[in-house]
Amino acid sequence: MENYDKYNHIYSISLKTGIEIEIIKKLQSETHSDPKRLKREFIPTILSHESFDFNMIPQGKIVELPGISFKLPSRENGYGIISKLRNELEDKNYRIFLDIYWSDDINEIIDLSVLSCSNEFEPLIYMQTNGINYGVTNQKLINELRILDQELRLKILGAGNDWCEFEITQEPDNMSSVIKQFFELCPDIADKYNYSVNDFENYLRENKRLYLWFD
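Next comes the structure, spelled out in structure tokens:
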């Protein structure tokens with residue numbers, strides 16, 4: 508009966524999300540975790556010159572997305588699974604990435620998520636990733652990343668409401684110029700590295716990961 512219930516659960520999630528049952532089973536095996544619907548908190552994004560009555564929004568409102576998630580023990584575990592399965596999932600028009608958030612008791616929760624997407628930036632639309640505190644809307648962020656993608660061949664690693672992470676799979680001809688674009692897009696990076704192009708360049712060359720966040 509237990510196996511029957513598990514199959515019904517997987518079948519139901521597949522039906523609601525459009526993600527193939529075999530893909531869900533493979534991810535379940537890799538993560539040793541049961542699948543759940545991918546969800547995000549509803550957070551209205553308002554530019555500084557706009558007015559909005561936040562009391563109109565119910566506290567804790569959650570939006571269900573057409574994707575799946577699996578709980579993970581660590582980020583590194585997630586990076587390993589992403590590296591292992593990325594090509595296979597991309598061939599089927601899926602994107603796999605980390606979704607990291609905080610519980611009510613301030614513990615980090617790490618999920619591995621999958622959405623049906625045709626490119627690296629669609630997950631940011633679903634997750635509504637933005638830097639609205641700096642006037643960076645979701646659309647502006649994606650537009651800027653598409654420009655950077657021409658130089659860096661970005662592959663998504665993670666996305667949330669105010670952050671995103673990509674693997675850099677191609678080194679640009681002019682890294683210093685690209686880094687200046689990063690600093691302009693994400694002031695928090697510029698602050699962290701004290702606007703030092705060399706320091707951030709060394710980090711990128713060593714880690715091959717671009718992490719953007721907007722506090």
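In our numbering, the protein residues as written are 508 to 722.
Beta carbons are placed, not taken as given, at the ideal position from N, Cα and C, and that holds for glycine.
Computed from a predicted structure; not experimentally measured.
Contact belief for residue i with residue j at Cβ below 8 angstroms, rounded distance in angstroms
{"i": "Ser-540", "j": "Lys-578", "result": "5 angstroms"}
{"i": "Trp-720", "j": "Asp-680", "result": "Trp-720 to Asp-680, Cβ: 27 angstroms. No contact."}
{"i": "Leu-692", "j": "Glu-651", "result": "5 angstroms"}
{"i": "Lys-546", "j": "Ile-569", "result": "5 angstroms"}
{"i": "Ile-588", "j": "Thr-538", "result": "7 angstroms"}
{"i": "Phe-604", "j": "Ile-663", "result": "5 angstroms"}
{"i": "Pro-573", "j": "Ser-623", "result": "7 angstroms"}
Counted within 10 angstroms of its Cβ, other Cβ atoms place residue i as buried (16 or more) or exposed
{"i": "Val-685", "result": "buried"}
{"i": "Thr-676", "result": "exposed"}
{"i": "Ile-616", "result": "exposed"}
{"i": "Arg-653", "result": "exposed"}
{"i": "Pro-542", "result": "buried"}
{"i": "Phe-559", "result": "At Phe-559 the pLDDT is 47, less than 50, meaning the model places this residue with poor confidence and gives no usable figure here."}
{"i": "Tyr-511", "result": "exposed"}
{"i": "Arg-602", "result": "buried"}
{"i": "Asp-706", "result": "exposed"}
{"i": "Ile-613", "result": "exposed"}
{"i": "Gly-642", "result": "exposed"}
{"i": "Asp-698", "result": "exposed"}
{"i": "Leu-618", "result": "Per the sequence presented here, residue 618 reads as Asp, with Leu not at that position. Buried, since its Cβ has 16 or more Cβ neighbours within 10 Å."}
Assigned secondary structure, residue i (DSSP; H/G/I helix, E/B strand, else coil)
{"i": "Ile-575", "result": "strand"}
{"i": "Ile-517", "result": "helix"}
{"i": "Lys-568", "result": "coil"}
{"i": "Glu-548", "result": "strand"}
{"i": "Gly-642", "result": "coil"}
{"i": "Phe-628", "result": "coil"}
{"i": "Gly-525", "result": "coil"}
{"i": "Ser-590", "result": "helix"}
{"i": "Phe-561", "result": "Unreliable positioning characterises Phe-561 in this predicted model, as indicated by a pLDDT of 48, which lies under 50. The coordinate reading is nonetheless provided below. Correct three-state label for Phe-561: helix."}
{"i": "Gln-535", "result": "helix"}
{"i": "Asp-722", "result": "coil"}
{"i": "Pro-679", "result": "coil"}
{"i": "Asp-706", "result": "helix"}
Paired residues, beta bridge with residue i - DSSP
{"i": "Ile-617", "result": "Leu-579, Ile-607"}
{"i": "Phe-673", "result": "Ile-663, Leu-717"}
{"i": "Leu-622", "result": "Gly-574, Arg-602"}
{"i": "Lys-543", "result": "Ser-576"}
Residues near residue i by beta carbon distance below 7 angstroms, same chain, minus five either side
{"i": "Gly-667", "result": "Asp-606, Ile-607, Tyr-608, Met-634, Thr-636"}
{"i": "Ile-528", "result": "Ile-517, Tyr-518, Ser-521"}
{"i": "Cys-671", "result": "Leu-631, Thr-636, Gly-665, Leu-719"}
Cβ neighbours of residue i in the same chain (closer than 6 angstroms, five flanking residues each side left out)
{"i": "Leu-661", "result": "Glu-627, Phe-673"}
{"i": "Val-704", "result": "Ser-683, Ile-686"}
Cut-off 8 angstroms between Cβ atoms - residues of its own chain near residue i, not counting five sequence neighbours on either side
{"i": "Lys-513", "result": "Asp-541"}
{"i": "Asn-645", "result": "Thr-552, Leu-631, Ile-632, Gln-635, Thr-636, Asn-637"}
{"i": "Met-508", "result": "With a pLDDT of 42 at Met-508, under the threshold of 50, the modelled position of this residue cannot be trusted, and the question is left open."}
{"i": "Leu-596", "result": "Ile-530, Arg-602, Ile-603, Val-621"}
{"i": "Leu-722", "result": "One detail in the question is off: residue 722 reads as Asp in this sequence, not Leu. Excluding positions up to five away in sequence, the list reads Asn-640, Asp-669, Asp-695."}
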